[in-house]
Amino acid sequence: MWHLYQFPLCPFSRKVRLALSEKGVAYETKRLDPWNAEEAFYSLNPAGRTPVLYDPERKRSLVDSQAICEYFEETVDKAPLILGNAGSRAEIRRLVALVDEVFFADVTAPLLDEKMKKRIILRTSPDAGVLRNAMRLAHDHLDYIDWLIDNRRWLAGSQLSLADFAAAAQISVADYLEGIDWDGHDAAHGWYRVMKSRPSFRPLLAERMEGIPAPRHYADVNA
Numbered sequence: 001m002w003h004l005y006q007f008p009l010c011p012f013s014r015k016v017r018l019a020l021s022e023k024g025v026a027y028e029t030k031r032l033d034p035w036n037a038e039e040a041f042y043s044l045n046p047a048g049r050t051p052v053l054y055d056p057e058r059k060r061s062l063v064d065s066q067a068i069c070e071y072f073e074e075t076v077d078k079a080p081l082i083l084g085n086a087g088s089r090a091e092i093r094r095l096v097a098l099v100d101e102v103f104f105a106d107v108t109a110p111l112l113d114e115k116m117k118k119r120i121i122l123r124t125s126p127d128a129g130v131l132r133n134a135m136r137l138a139h140d141h142l143d144y145i146d147w148l149i150d151n152r153r154w155l156a157g158s159q160l161s162l163a164d165f166a167a168a169a170q171i172s173v174a175d176y177l178e179g180i181d182w183d184g185h186d187a188a189h190g191w192y193r194v195m196k197s198r199p200s201f202r203p204l205l206a207e208r209m210e211g212i213p214a215p216r217h218y219a220d221v222n223a
């Protein structure tokens, strides 16, 4: 069985977990905090980042969330997540890159730095200005998701795709860290509630990060 090295608030690990669950790939999670990793982990990924998927029987490591998702797109026929014609697949990959790179840099990464890293690693107080800016940028991203859902059934088009799971993974971490204000974003909020209600999302909603309690609404699929 595959071993997925991850920690609860890693959005890229969440993306992989959602994709693997949707495709019916069995895996076992292995808790790994990159800031406290042992030397053995660096033999699996010299960059020292999660997620890493490792097959102990075949001694095979897969590194990087998109590379992992693409690997299973190519090797598992069930529940294709990068689907459609060439144009449709390009649009899915564009949106995945947008949320993995821009949403993460604008919203998820600052929230993780201020509300996780400073709290449990550095033992310092968060910067209120950084948090306000992250929430302001989150509104901009949610505006775009509103537009996508107003004009499409799913983010990338008429079918559920990896773009939806990549975006939901980032938003779920930001939501855990109380960095999402849904006011004025009914379309995006409705889409996210649908994503939260999928069986693949249940393990994520049940998981908690020690020392950082989830807000009351976090696991409520209707909230």
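If you count the sequence shown from 1, position 86 lands on 86 in the numbering used here, and the numbers rise without skipping.
Even glycine gets a Cβ: it sits at the ideal position worked out from N, Cα and C.
So residue i is in the alpha helix (DSSP H); what residue range does that whole segment cover?
{"i": "residue 147", "result": "128 to 151"}
{"i": "residue 44", "result": "39 to 44"}
{"i": "residue 192", "result": "186 to 196"}
{"i": "residue 52", "result": "Note, residue 52: premise wrong, no alpha helix (DSSP H); beta strand (DSSP E) at 52 to 55."}
{"i": "residue 87", "result": "86 to 97"}
Could you please give the first and the last residue of the uninterrupted beta strand (DSSP E) stretch that includes residue i?
{"i": "residue 170", "result": "Here residue 170 belongs to no beta strand (DSSP E); instead the alpha helix (DSSP H) covers 162 to 176."}
{"i": "residue 4", "result": "2 to 6"}
{"i": "residue 30", "result": "27 to 31"}
{"i": "residue 61", "result": "60 to 63"}
Relative to the alpha-carbon of residue i, which residue among the options has its alpha-carbon at the smallest distance?
{"i": "residue 130", "options": "110, 78 and 23", "result": "110"}
{"i": "residue 201", "options": "104, 212 and 164", "result": "164"}
{"i": "residue 58", "options": "1, 86 and 104", "result": "1"}
{"i": "residue 178", "options": "215, 220, 143 and 42", "result": "215"}
{"i": "residue 20", "options": "143, 223 and 65", "result": "65"}
{"i": "residue 194", "options": "180, 181, 155 and 183", "result": "155"}
{"i": "residue 139", "options": "108, 119 and 152", "result": "108"}
{"i": "residue 79", "options": "91, 24 and 132", "result": "24"}
Using C-beta distances below 6 Å, list every residue in its chain close to residue i, excluding the 5 sequence neighbours before and after it, in chain order.
{"i": "residue 236", "result": "What is shown of the chain runs 1 to 223, which leaves residue 236 out entirely."}
{"i": "residue 149", "result": "187 and 191"}
If the criterion is Cβ atoms closer than 9 Å, does the pair residue i and residue j meet it?
{"i": "residue 15", "j": "residue 170", "result": "yes"}
{"i": "residue 48", "j": "residue 159", "result": "no"}
{"i": "residue 22", "j": "residue 95", "result": "no"}
{"i": "residue 11", "j": "residue 173", "result": "yes"}
{"i": "residue 68", "j": "residue 51", "result": "yes"}
{"i": "residue 220", "j": "residue 185", "result": "no"}
{"i": "residue 141", "j": "residue 100", "result": "no"}
Looking only at its own chain, which residues have a Cβ that is under 8 Å from the Cβ of residue i, when we skip the five neighbours before and after it?
{"i": "residue 60", "result": "54"}
Got a sec? Which residues, its chain only, sit under 7 Å from residue i by beta carbon, not counting five neighbours each side?
{"i": "residue 104", "result": "11 and 170"}
At a cut-off of 8 Å, is residue i close to the ligand PLP when judged by its beta-carbon and the heavy atoms of the ligand?
{"i": "residue 179", "result": "In the structure on display, the ligand PLP does not appear, and there are no ligands present to speak of."}
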